[in-house]
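Remarks on the structure that follows.
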Amino acid sequence: MIGQTLSPIAMSCAVGSRSAQEMWTNLKNKFAAPNRQNILQLKSNLHNLKKGNDSIETYLDKIKAARDALETVGVFLDDEDIVVTVHKSSVC
Numbered sequence: 001m002i003g004q005t006l007s008p009i010a011m012s013c014a015v016g017s018r019s020a021q022e023m024w025t026n027l028k029n030k031f032a033a034p035n036r037q038n039i040l041q042l043k044s045n046l047h048n049l050k051k052g053n054d055s056i057e058t059y060l061d062k063i064k065a066a067r068d069a070l071e072t073v074g075v076f077l078d079d080e081d082i083v084v085t086v087h088k089s090s091v092c
């Protein structure tokens, strides 16, 4: 494989799909269903990100992926909210 293109969570939705259409339906149901529990989980994922031993590039990629996941369910965060999240996780 040249490069991984799906997050581990997305990969778990895709594995076992019998067609591309089934895979996309599974992914849509997982990430685009704007239910309250899903939104809270996605927000929690963003707010619990830590840089740890990751490179800054990897860490920022994780933040972007979390922000993108929220946008797929209709939650749009201002850049200031992202800065606060990055600052909070770098201090803790």
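FYI, the UniProt record's numbering numbers position 3 of the sequence shown as 3, with every residue one higher than the one before it. Backbone N, C-alpha and C fix where the C-beta goes; we use that ideal spot for every residue, glycine too.
For K62, the CB contacts under 8 angstroms within the same chain, skipping 5 residues up- and downstream, are L49, D54 in chain order.
A distance of 9 angstroms or more separates the beta carbons of V73 and L27. Per DSSP, S44 is one residue of the alpha helix (DSSP H) stretching across 36-47. The three-state reading of DSSP puts L77 in coil, since its state is none of H, G, I, E or B.
Sixteen is the threshold: when 16 or more other Cβ atoms of the shown chains lie within 10 Å of the Cβ of T85, as they do, the residue is buried. Burial state of A66 is buried, judged by a 10 Å Cβ sphere holding 16 or more other Cβ atoms.
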